[in-house]
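Residue numbers (the numbering used here): 168 to 709. The beta-carbon is built from N, C-alpha and C at its ideal position, and this holds for glycine as well. Everything on this sheet refers to the single structure shown next.
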Amino acid sequence: MGSPVCGFLKQNNIIFLRFFAILVLSCIPNRTNLCSNPSFDTPTIPPHSSSSSIPSSLKTLTLDGYFSFENLKHAAKDFGNICHYLPIAVLHPKSVSDISSTIKHILYMSSVTKLTVAARGRGHSLQGQAQAYQGVVINMESLDRPSMYIENGEVPYVDVSGGELWINILHETLKYGLSPKSWTDYLHLTVGGTLSNAGISGQAFRHGPQINNVYQLEVVTGRGEVVTCSDKENADLFYGVLGGLGQFGIITRARISLVPAKKMVKWIRVLYSEFSTFSNDQEHLISSNNSFDYIEGFVMINRTGLLNNWRSSFNPKDPIQASQFSSDGKILYCLEMVKYFNPEKIDVLNQDIEKLLSELNYIPSTLFLSEVSYVEFLDRVHLSEIKLRSKGLWEVPHPWLNLLIPKSRIFDFAEGVFGNIVKDNNNGPILIYPVNKAKWNNRTSMVTPEEDIIYLVAFLSSALPGTDGLEHIMTQNQHILDFCAKAQLGAKQYLPHYHTQDEWRAHFGTQWETFVQRKSAYDPLAILAPGQRIFQKAISIT
Numbered sequence: 168m169g170s171p172v173c174g175f176l177k178q179n180n181i182i183f184l185r186f187f188a189i190l191v192l193s194c195i196p197n198r199t200n201l202c203s204n205p206s207f208d209t210p211t212i213p214p215h216s217s218s219s220s221i222p223s224s225l226k227t228l229t230l231d232g233y234f235s236f237e238n239l240k241h242a243a244k245d246f247g248n249i250c251h252y253l254p255i256a257v258l259h260p261k262s263v264s265d266i267s268s269t270i271k272h273i274l275y276m277s278s279v280t281k282l283t284v285a286a287r288g289r290g291h292s293l294q295g296q297a298q299a300y301q302g303v304v305i306n307m308e309s310l311d312r313p314s315m316y317i318e319n320g321e322v323p324y325v326d327v328s329g330g331e332l333w334i335n336i337l338h339e340t341l342k343y344g345l346s347p348k349s350w351t352d353y354l355h356l357t358v359g360g361t362l363s364n365a366g367i368s369g370q371a372f373r374h375g376p377q378i379n380n381v382y383q384l385e386v387v388t389g390r391g392e393v394v395t396c397s398d399k400e401n402a403d404l405f406y407g408v409l410g411g412l413g414q415f416g417i418i419t420r421a422r423i424s425l426v427p428a429k430k431m432v433k434w435i436r437v438l439y440s441e442f443s444t445f446s447n448d449q450e451h452l453i454s455s456n457n458s459f460d461y462i463e464g465f466v467m468i469n470r471t472g473l474l475n476n477w478r479s480s481f482n483p484k485d486p487i488q489a490s491q492f493s494s495d496g497k498i499l500y501c502l503e504m505v506k507y508f509n510p511e512k513i514d515v516l517n518q519d520i521e522k523l524l525s526e527l528n529y530i531p532s533t534l535f536l537s538e539v540s541y542v543e544f545l546d547r548v549h550l551s552e553i554k555l556r557s558k559g560l561w562e563v564p565h566p567w568l569n570l571l572i573p574k575s576r577i578f579d580f581a582e583g584v585f586g587n588i589v590k591d592n593n594n595g596p597i598l599i600y601p602v603n604k605a606k607w608n609n610r611t612s613m614v615t616p617e618e619d620i621i622y623l624v625a626f627l628s629s630a631l632p633g634t635d636g637l638e639h640i641m642t643q644n645q646h647i648l649d650f651c652a653k654a655q656l657g658a659k660q661y662l663p664h665y666h667t668q669d670e671w672r673a674h675f676g677t678q679w680e681t682f683v684q685r686k687s688a689y690d691p692l693a694i695l696a697p698g699q700r701i702f703q704k705a706i707s708i709t
């Protein structure tokens, strides 16, 4: 069978009777910080030629939804709150055909405009990845979401819109005693958004990321074609889109794997003073057959009154010993574990947990436990969001840095970063936990270090008023990246952000050629997801 590129070029496609696409692979020639101005002012970039005719051209389309051309500042803002690029229009689609028609129209206009398209869900990207400067942003939440179809037979699944929120999927599937296997820590995100990246949380060691738990997708490609794909049908597109950073198509529907859901969780936290002991216990747990259902970890640097802060949600196993523990001036490592259960099985659960804890080497006085509902645990971050919003502290800059570190170098990373480059974590939590890549599908577009066990390390900083500020945090992030490069740790960015195509090429490594081939096949004019800054919009010649 020929390559997808060759097969694509052989098709009798009307677009290519009109245009010869030149895919420009040198996206951004200089190492310029495109997000250096965090205001809503439009960057000083010359307007596109014939840009004044574009709104009237878009208005000619017959749609179920509509375009908006004014008051577009919301589409130039995301959770990162660092990059702000105004689009020329926002599409509010009601149907998949609205998205398809818009992309086909932009293809038709390619000889006179560099118009691009970005799909936007909840706008939770960090560096403007869901923005399109002087382009079209598609508001995926406005897409009509028919009732979720839930198959609760031998192989249960749910069919959902790409603009559906994971929290809604949780509530709906629980009505059938089911739920997805793999989650993100925050559920108020769209399906299309997380599947375009990966979707990693504490369940990934057991089930892999969310992109490993999808049976089928419906995708609108950069050619405007609506394609159904799976591992058996249009498999190259299926695996390309999963973790593909929006480069090959917009996910409009997904079929997601489900499992029987429990009603409650036992939620446990313990502390370590030595990183090697902490990481050994984490690796032991993710390699055990009868382990916890969720395993994550945190780094805490010089946190005063740490255990007292836990008491609002957790109960100490030994209150007297816990009250005597001091975290001041120390680097501590928290292991967080969860076991799902149904109330009638509580005795068996407690025995299983006691056995698992007996195999660990944590500080005995720091054992804290809690019991909450399954929904309350999975939606835990939303409670923090509500509190922060009430204080006006949610919509601040979030210069997050997410890294994947190979197991063989995680001690070197911890020794070089914690307490040296990062001297406290007052700006936000630092997550660290291992996952077993044996449970991951290596055919997707997601890039990971080449070892079986890798660590996710996430610096979830917020530039809050009265703290070190955005510039300090971003400088610190760069120092961490520089350390990884100098020490040759083999690290990869998760939710990657780069300034040059050489950096993207290095990121993808041996997968770069496949990535470029897929781009040429499914989005030959580089219309989709310009905010990723991987490819530049191509020039068409009539």
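When 566, 576, 463 are compared, the shortest CA-CA separation from residue 629 is found for 566. Within a 10 Å sphere around the beta-carbon of residue 287 sit 16 or more other beta-carbons, which makes this residue buried.
Cα atoms of residue 463 and residue 237: separation of roughly 44 Å, rounded to the nearest angstrom. Nearest neighbour of residue 373 by Cα position, chosen from 605, 495, 646, turns out to be 605. Shortest Cα-Cα distance from residue 382 to any of 608, 334, 314, 273 involves 608. Closest by C-alpha distance to residue 328, out of 260, 320, 495, 494, is 260. Within the DSSP secondary-structure output, residue 504 pairs in a beta bridge with 435, 462. Where residue 617 is concerned, there is no enclosing beta strand (DSSP E), because DSSP gives it neither an H nor an E. The C-alpha of residue 233 lies about 40 Å from the C-alpha of residue 659. Residues 465, 627 of the same chain have their beta carbon placed closer than 7 Å to that of residue 596, with the five preceding and five following residues left out of the count. Taking each of 363, 273, 290 in turn and checking the Cα distance to residue 251, the smallest one comes out for 290. The C-beta distance from residue 620 to residue 601 rounds to 5 Å, short enough to fall under 8 Å. For residue 315, the three-state secondary structure derived from DSSP is coil. The three-state secondary structure of residue 483, taken from DSSP, is strand. Cβ-Cβ separation between residue 255 and residue 302: approximately 6 Å, consistent with a contact (criterion under 8 Å). Burial state of residue 510 is exposed, judged by a 10 Å Cβ sphere holding fewer than 16 other Cβ atoms.
If you compare the alpha carbons of 397, 691, 699, 541 with that of residue 273, the shortest gap goes to 691. The same chain holds no residue with a CB closer than 7 Å to that of residue 486 once the five nearest residues on each side in sequence are set aside.
In the DSSP assignment, residue 537 forms a beta bridge with 434. Residue 396 sits in a strand when the DSSP states are folded into three classes.
When secondary structure is reduced to three states using DSSP, residue 605 falls in the helix class. Shown here, residue 704 sits in a strand according to DSSP, grouped into three states.
DSSP places residue 420 inside the beta strand (DSSP E), whose first and last residues are 416-427.
Distances from the alpha-carbon of residue 242 to those of 612, 647, 292, 298 put 298 closest. The C-beta distance from residue 384 to residue 420 rounds to 7 Å, short enough to meet the 8 Å contact threshold. Here residue 572 really is in contact with residue 622; their C-beta atoms are around 5 Å apart, less than 8 Å.
Per DSSP, the beta bridge partners of residue 259 are 233. For residue 675, same chain residues with a beta-carbon under 8 Å away, outside a window of 5 residues either side, are 614, 682 in chain order. Scanning 247, 423, 368 for the CA closest to the CA of residue 322 turns up 423. Runs of the beta strand (DSSP E) lying entirely within the stretch 619-695, each at least 3 residues long, are 620-626, 659-661 in chain order.
Annotated three-state conformation of residue 225 is helix, per DSSP. Looking at the DSSP output, residue 585 sits in a beta bridge with 589. Between residue 437 and residue 524, the C-beta spacing is below 9 Å. Ranking 304, 359, 295 by CA distance to the CA of residue 235 puts 304 first.
With a 10 Å radius around the Cβ and a threshold of 16 neighbouring Cβ atoms, residue 482 comes out exposed.
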